[in-house]
Amino acid sequence: MTRNEIKNVILEIIEDIDEEADFDSLEADKPLRDQLDLDSMDFLDIVMELRKRYKLQIPEEEYPELSTLNSCVNYLEPKLKDF
Amino acid sequence: MADYQLIIIGAGLSGLAAGIRAARFGLKVLIVEQHWQPGGLNSFYFRQGHLLETGLHAMTNYAPPEEKRAPLNRLFRQLRLSRRSFRTHEQICSEIVFPDRTLRFSNDPDLLTEDISREFPGAADGFRRLLDMVRDYDPFAPAPWRSARRFLDGVLPDGRLADMLLLPLMVYGNSEEEDMDLGQFVIMFRALFLEGLFRPAETIKEFLDMLVDHYTAFGGEIRFRAGVKRILRRGDRVDGVVLHNGERITAGSVLSTAGIPATADLADWDIDRSAYRGKMSFMETIYLLPLRRGASIRNDRTIIFFNHGEHFAYRCPGEALETSWGVICFPGNFKGLPGTDPFQVRVTNAANYEVWKAAAPGEYEMMKERWRERSADQVGKIIGNFRQDVVYVDSFTPMTIERFTAKAGGAVYGSPVKLKDGRTHCANLFIAGTDQGYLGIVGAMLSGVTIINRHLLRQE
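Going line by line, the protein sequences match chains A and B. Taking my numbering, the leading residue of the first sequence gets 60, the next gets one more, and so forth. Taking my numbering, the leading residue of the second sequence gets 4, the next gets one more, and so forth.
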């Protein structure tokens, strides 16, 4: 998957989780949680959805790697290179 | 290989929410329910062509869809239900009625503040401080039990105001007598006074159908009339359940929503049952009245919480029923709901389980009738006499509650001691629902979600 594809996957997952999600003013290097007003329960959903779709196991101590859209892409790029 | 990864005991709201959450992420789940329909206490039945709801007066925790952090909307996201397509009706106005004083509240918190400054002019500052505390307090952080009464005595100059505020908060969710934990107080205060009351546009039946459909669409399985006889336990692990018909079903984990005492009986759990047995139970009476009689009684409120006594004591009565305080609910009085003919009035009074249980079979029905009369006398003082107009009446008692919810002693709000992390004596047996500490429909469902998140999804 390319970086752009990964970004789209993340946005698609968030859109699925939250019908109120508004990406118009989303800044890629700022925390997703604050910008989209999501909480830790929603965050777990992103992790669970990645597990369901790509059999990715993300240990809890690595959750902070998913804090911004850019950091998600950086973190997932090597893990999703074969998809 | 076990038959299921997870078995959930009980298709009440916490069990269904837990099931949806687990099935959504691909767990092989089975819900077993002892009755032939879902809902637990929040269910329904048909009489004379009318669908009558049990349990539901109103849902608490109202929030419009755009308030993302509100419990109701977090719940919908967690279950992957569309909040936008869930049609709701907010309460019109509710009222707390004490001798010589009344306080109204609606989903606009300013109304309560205004009424408090009118009825208790000296308490305005104290109430503001109380509001600040309620907004800042984190009720979910682990903390030792703290007395809500003592806290209120410290901020409010008038004990009667504390009593008036506590009545709705206690009667809609407190499993302890006399006092409540400050954390529970904050949860209930937000749920009722800051967020507010509403109901689904349709009945609880459609709501339950929707949840069951959603669950099965994710691949979850559900079996009705499948009461659990015991939980299979081996040392500090459980292996599954045995049903009343003798069938054994194995599972990687078991989640029980039957309450702590009932779960202890099923799983051979050596705890002091009496400590986890709630004393607060209730009798509820549903009256149907012809629409044309609506004008002759006071029915401009959604819910009226009343107390005829000088003080308010939330405790199990010595007799079968406590008639001096209670709740009067008009389930049709929500904004935008079309009126029905006949319309409903529902009355809730605290009841003593032991007295009802001791009644001989022939005596039970007469007891219901006798206490209903006494209750109606007290209710009549608030809304006017309505008895001559009643076209249908039915009551359920602590015995009914125990039978339908499996909560020991008919304790609707479960154990006075909560197991907040949902853990038991066995590493793969968990509890969810009222005994985990979340209350109300939204709370019970969040309880199911939280336990699945914490113990089933993260562990794999």
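Where a beta carbon is used, it is the ideal one built from N, C-alpha and C, also for glycine. None of the values given here were measured: they were computed from a predicted structure.
So with Cβ pairs under 7 Å, would you call residue i a contact of chain A?
| i | result |
| --- | --- |
| B:Gln-81 | yes |
| B:Phe-28 | yes |
| B:Arg-24 | no |
| B:Lys-71 | yes |
| B:Arg-90 | no |
| B:Ser-85 | yes |
Thinking C-alpha only, which one of the options is nearest residue i?
| i | options | result |
| --- | --- | --- |
| B:His-458 | B:Asp-6, B:Arg-24, B:Ala-5 | B:Arg-24 |
| B:Ile-34 | B:Phe-101, B:Tyr-218, B:Asp-156 | B:Tyr-218 |
| B:Val-189 | B:Ala-265, B:Trp-374, B:Arg-138 | B:Arg-138 |
| B:Ser-2 | B:Ser-88, B:Ala-66, B:Arg-132 | Because chain B in this structure spans residues 4 to 463, residue 2 of chain B falls outside the shown range and cannot be described. |
| B:Met-402 | B:Phe-49, B:Leu-115, B:Val-257, B:Ala-354 | B:Ala-354 |
| B:Gln-51 | B:Lys-423, B:Ser-88, B:Val-396 | B:Val-396 |
| B:Gly-425 | B:Pro-74, B:Ser-256, B:Met-4, B:His-38 | B:Ser-256 |
| B:Asn-388 | B:Tyr-290, B:Met-370, B:Lys-371 | B:Tyr-290 |
| B:Gly-43 | B:Leu-246, B:Leu-292, B:Gly-321, B:Lys-208 | B:Lys-208 |
| B:Ser-150 | B:Gly-186, B:Met-370, B:Ile-263, B:Phe-79 | B:Gly-186 |
| B:Val-394 | B:Asp-344, B:Asp-239, B:Asp-275, B:Gly-162 | B:Asp-344 |
| B:Gly-176 | B:Asp-438, B:Ile-455, B:Arg-461, B:Val-452 | B:Asp-438 |
| B:Gly-230 | B:Trp-374, B:Lys-360, B:Phe-210, B:Trp-39 | B:Trp-39 |
| B:Val-358 | B:Lys-371, B:Val-348, B:Gly-157 | B:Lys-371 |
| B:Phe-210 | B:Asp-275, B:Gly-129, B:Leu-19, B:Arg-276 | B:Leu-19 |
| B:Ile-99 | B:Asp-182, B:Leu-172, B:Trp-148, B:Gly-58 | B:Leu-172 |
| B:Glu-313 | B:Pro-68, B:Phe-47, B:Gly-162 | B:Gly-162 |
| B:Pro-341 | B:Pro-320, B:Ala-204, B:Trp-148 | B:Ala-204 |
Can you name the residues of chain E whose CB is closer than 8 Å to the CB of residue i?
| i | result |
| --- | --- |
| A:Leu-103 | The structure shown contains no chain E; its protein chains are A and B. |
Hey, residue i and residue j: beta-carbon distance below 7 Å or not?
| i | j | result |
| --- | --- | --- |
| B:Arg-301 | B:Ser-97 | no |
| B:Ser-178 | B:Tyr-441 | no |
| B:Val-241 | B:Leu-30 | no |
| B:Gly-22 | B:Ile-11 | yes |
| B:Ile-95 | B:Lys-338 | yes |
| B:His-428 | B:Trp-272 | yes |
| B:Phe-308 | B:Val-330 | yes |
| B:Phe-123 | B:Leu-75 | no |
| A:Glu-79 | B:Lys-71 | yes |
| B:Met-286 | B:Ser-398 | yes |
| B:Gly-413 | B:Ser-284 | yes |
| B:Phe-28 | A:Lys-89 | no |
| B:Val-350 | B:Thr-288 | yes |
| B:Arg-251 | B:His-92 | no |
| B:Ala-254 | B:Ala-5 | yes |
| A:Ile-76 | B:Arg-80 | yes |
| B:Ala-435 | B:Ser-450 | yes |
| B:Asp-166 | B:Phe-315 | yes |
Does DSSP put residue i in a helix, a strand or coil?
| i | result |
| --- | --- |
| B:Gly-297 | helix |
| B:Gln-94 | strand |
| B:Ser-17 | helix |
| B:Gln-51 | coil |
| B:Trp-359 | helix |
| B:Tyr-7 | strand |
| A:Met-107 | helix |
| B:Ile-34 | strand |
| B:Gly-387 | coil |
| B:Leu-133 | helix |
| B:Ser-259 | strand |
| B:Met-1 | Chain B is shown from 4 up to 463; residue 1 of chain B falls before or after that span and cannot be answered. |
| B:Gly-329 | strand |
| B:Arg-149 | coil |
| B:Phe-154 | helix |
| B:Asn-352 | strand |
| B:Leu-340 | coil |
| B:Gln-381 | helix |
| B:Ser-284 | strand |
Checking contacts by CB at 7 Å: is residue i closer than that to chain B?
| i | result |
| --- | --- |
| A:Lys-111 | yes |
| A:Asp-81 | no |
| A:Glu-78 | yes |
| A:Asp-96 | yes |
| A:Met-100 | yes |
| A:Glu-74 | no |
| A:Met-107 | yes |
Tell me the start and end of each unbroken beta strand (DSSP E) in the region 188-249 of chain B that is at least 3 residues and wholly inside, in chain order. 201-203, 224-226, 231-237, 240-246
Which ranges would you report for the beta strand (DSSP E) in the region 54-115 of chain B if only whole runs of at least 3 residues count? Those beta strand (DSSP E) runs which fall completely within the region 54-115 of chain B and span 3+ residues are 91-93, 97-101, 104-108.
Write down every uninterrupted run of the alpha helix (DSSP H) in the region 68-139 of chain A whose length is 4 residues or greater and which is fully enclosed by it, in chain order. 91-95, 99-113, 128-138
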